[in-house]
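Read the structure below first, then the notes.
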Amino acid sequence: MMVWGAIGFTSRSPLVRVDGTLNSARYISGVLRSVALPFIRALRNPTFKQDNARPHVAGIAQTFLETENVRLLHLACTFTM
């Protein structure tokens, strides 16, 4: 089991329980659309930051976030971190 959550300076999202493998389609439907977007939209001037996990960086997930006008902070992707 995996758990997804988001935090802000003075707020936090509900936790999302993810059973099984999380792929980009499940990430969009079960996390982004249902929990992350409402959480982000409730914040003033938010920037969304995520790690480089495959479901997060998949083209379909990136396109979804761009379509929803979510401002992203991209992390460096290097093997030395």
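Numbering-wise (the numbering used here), the sequence shown opens with residue -15 and increments by one. We put the CB at the ideal spot given by N, CA and C, even for glycine.
Exposure label - residue i; buried when at least 16 CB within 10 Å
i, result
"ILE12", "buried"
"ALA45", "buried"
"ILE24", "buried"
"LEU49", "buried"
"SER(-5)", "exposed"
Three-state secondary structure (DSSP) of residue i
i, result
"ARG38", "helix"
"LEU16", "helix"
"MET(-14)", "strand"
Enclosing beta strand (DSSP E) for residue i [first to last residue]
i, result
"ARG1", "0 to 2"
Residue from the options whose Cα sits closest to the Cα of residue i
i, options, result
"ASN53", "ASN29, ARG10, ARG38, ASN7", "ASN29"
"THR47", "THR5, SER(-5), ARG25, LEU16", "LEU16"
"GLY14", "HIS40, ARG25, THR(-6), LYS33", "HIS40"
"LEU56", "ARG38, ALA42, GLY43, LYS33", "LYS33"
"VAL0", "GLY43, ALA9, MET(-15), HIS58", "MET(-15)"
Enclosing alpha helix (DSSP H) for residue i [first to last residue]
i, result
"ARG25", "21 to 25"
"ALA(-10)", "Here ALA(-10) belongs to no alpha helix (DSSP H), and DSSP marks it neither H nor E."
"LEU49", "43 to 51"
"ARG10", "8 to 11"
CB-CB length for residue i against residue j, believed under 8 Å
i, j, result
"LEU27", "GLY4", "No, LEU27 and GLY4 are not in contact; Cβ-Cβ is about 30 Å, not under 8 Å."
"VAL19", "VAL2", "Wrong, their Cβ atoms sit about 11 Å apart, outside the cutoff."
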